[in-house]
Amino acid sequence: MLSELGDISWYTSELTKQFSFTLEEVIRYNLEKLRKIYLEKI
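Okay, structure coming up:
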């Protein structure tokens, strides 16, 4: 599992660079998206 998670991290990092985002931007965007999804269900 650790190896697979490492692969996912590498691919995420590379795609982030290709699209000129930072990992921080990706994480913040995803957190906001999840907040909207799950807060609407409450």
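The sequence shown begins at -1 in this note's numbering and counts up by one. Ideal Cβ placement from N, Cα and C applies to all residues, glycine included.
Helix, strand or coil: which one does DSSP assign to residue i?
{"i": "Lys34", "result": "helix"}
{"i": "Ser1", "result": "helix"}
{"i": "Lys39", "result": "coil"}
{"i": "Ser18", "result": "coil"}
Taking C-beta to C-beta, are residue i and residue j nearer than 8 Å?
{"i": "Ser11", "j": "Leu0", "result": "no"}
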